[in-house]
Amino acid sequence: MPSKRLMGMWAFFDFCLLAAGVVSLVFSIIYRKQDILLNLAISQADLTAALVLGIMLIATFVFSIGAIVQKNHVTMGLVILNYHARRRRNCCALQRNNFHPLYLALPDSSKAFIQDKFSCCGYFSGSDGVVPSKFCTVTQIAFTNALDPSDVHNSAAFCVEGVTGFTDYTLNQIFSYCYGFMPLVLGLLLFTLCVINMRKEEERFKKIDAKRGGKGFV
Numbered sequence: 164m165p166s167k168r169l170m171g172m173w174a175f176f177d178f179c180l181l182a183a184g185v186v187s188l189v190f191s192i193i194y195r196k197q198d199i200l201l202n203l204a205i206s207q208a209d210l211t212a213a214l215v216l217g218i219m220l221i222a223t224f225v226f227s228i229g230a231i232v233q234k235n236h237v238t239m240g241l242v243i244l245n246y247h248a249r250r251r252r253n254c255c256a257l258q259r260n261n262f263h264p265l266y267l268a269l270p271d272s273s274k275a276f277i278q279d280k281f282s283c284c285g286y287f288s289g290s291d292g293v294v295p296s297k298f299c300t301v302t303q304i305a306f307t308n309a310l311d312p313s314d315v316h317n318s319a320a321f322c323v324e325g326v327t328g329f330t331d332y333t334l335n336q337i338f339s340y341c342y343g344f345m346p347l348v349l350g351l352l353l354f355t356l357c358v359i360n361m362r363k364e365e366e367r368f369k370k371i372d373a374k375r376g377g378k379g380f381v
């Protein structure tokens, strides 16, 4: 029988994996709210992927419980658990320019909301996807158009800074979460291998002991 300390560490990582699955499910539901900037940063496909990931992590936890309660000589469940754990290690990223076509595809009302929120006009320049709004009056649009987009000191006048600032923060939080639970998956993988090895070793000694007539080693 594997030591209590080993089983305790295995249980710790297994329940942490369950917690990661629950968090993924909760975030996939909360982030579905109607929010222009949030919906710009996270697509419905991303939220669906988070939902699937959460379900897979919780399913892995449920399967692990069934695998660990098997008798010592039955290790196939733990082997399959390791296979599933190795498949949980993927993520993706977005670059700043990717939001440009997404911004241009927004309805005018959403662009106006963003312009008023960040006090900016246009995306990369004063004429790039600009729409009239409370902040972007005719005078303000003319002033913004006169600015040089290549001058870093003028960057705050364009919406690219505000949009990417928000989306970068949001995506960084998501990626930190994704990469944060990877050590949990790897930890469960490692301790599952240890449990498999300990069970196989115990079964091997039982067979040797049986061949010796149950006398054990001197």
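For what it's worth, my numbering labels the leading residue of the sequence shown as 164, then goes sequentially.
Glycine included, C-beta positions come from ideal geometry on N, C-alpha and C.
Local conformation of residue i per DSSP, three classes
| i | result |
| --- | --- |
| Q197 | coil |
| F190 | helix |
| V348 | helix |
| I205 | coil |
| S227 | helix |
| D177 | helix |
Pair within 8 angstroms by beta-carbon distance, residue i and residue j
| i | j | result |
| --- | --- | --- |
| A222 | F344 | no |
| F262 | T330 | yes |
| D271 | V294 | yes |
| S191 | L214 | yes |
| D314 | K297 | no |
| Y340 | V185 | no |
| C284 | A319 | no |
| A204 | T333 | yes |
| F224 | L181 | yes |
| V348 | W173 | no |
(Q) To test your reading of the DSSP string, which unbroken beta strand (DSSP E) runs of 3 or more residues are found completely within the stretch 263-346? (A) none
So, does the stretch 279-293 touch the stretch 303-319, judging by three or more C-beta pairs under 8 angstroms? As far as the Cβ criterion goes, the stretch 279-293 touches the stretch 303-319, which means the pair count is three or higher.
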